[in-house]
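Presented below is the structure to which this report refers.
Residue numbers (the numbering used here): 1234 to 1341.
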């Protein structure tokens, strides 16, 4: 989920849909993001984990009125089937030189 992946991106997404629902970026980090991120590490203290759970709960309840999580099965009904295209484009001479230089640096 976006919350698990990147809280800042989640804030931007929510702020676009509902401006200021989570306060300013600084307020969001102070009220939610910092505490949640501190509690997500394998070496987080019990206090940090407890605080993370409380802040995540408050965040979830704050967003509940206007963020509706739906699974893929619900979305699939209204989406067209997926189409993939493979387009092969030759590299320019500059791109070839840069790619070779990059590969030489990685292998060396």
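Even for Gly, the Cβ is constructed at its ideal location relative to N, Cα and C. Everything numeric in this text was worked out from a predicted model, so none of it was measured.
Do you know how far the Cα of residue 1323 is from the Cα of residue 1330? One-based indexing of the chain shown puts residue 1330 at position 97. One-based indexing of the chain shown puts residue 1323 at position 90. Spanning the two alpha carbons is a distance of roughly 13 Å.
How should residue 1240 be labelled, buried or exposed, when 16 other C-beta atoms within 10 angstroms of its C-beta is the threshold for buried?
Taking the first residue of the chain shown as 1, we reach residue 1240 at position 7. Under this definition residue 1240 is a buried residue.
Worksheet entry | Host alpha helix (DSSP H) of residue 1303 (start-end) | As a working note, residue 1303 is residue 70 in the chain shown. Run containing residue 1303: none; DSSP gives neither H nor E here.
request  = State the DSSP-derived secondary structure class of residue 1266, mapped to helix, strand or coil.
outcome  = Translated into the one-based positions of the chain shown, residue 1266 becomes position 33. In this structure, residue 1266 counts as helix in the three-state DSSP scheme.
query = Near residue 1292, which residues of its chain fall below 7 Å by C-beta distance, leaving aside the five closest residues on each side in sequence?
reply = As a first step, residue 1292 must be located in the chain shown, where it is residue number 59. Closer than 7 Å at Cβ, skipping near neighbours: 1265.
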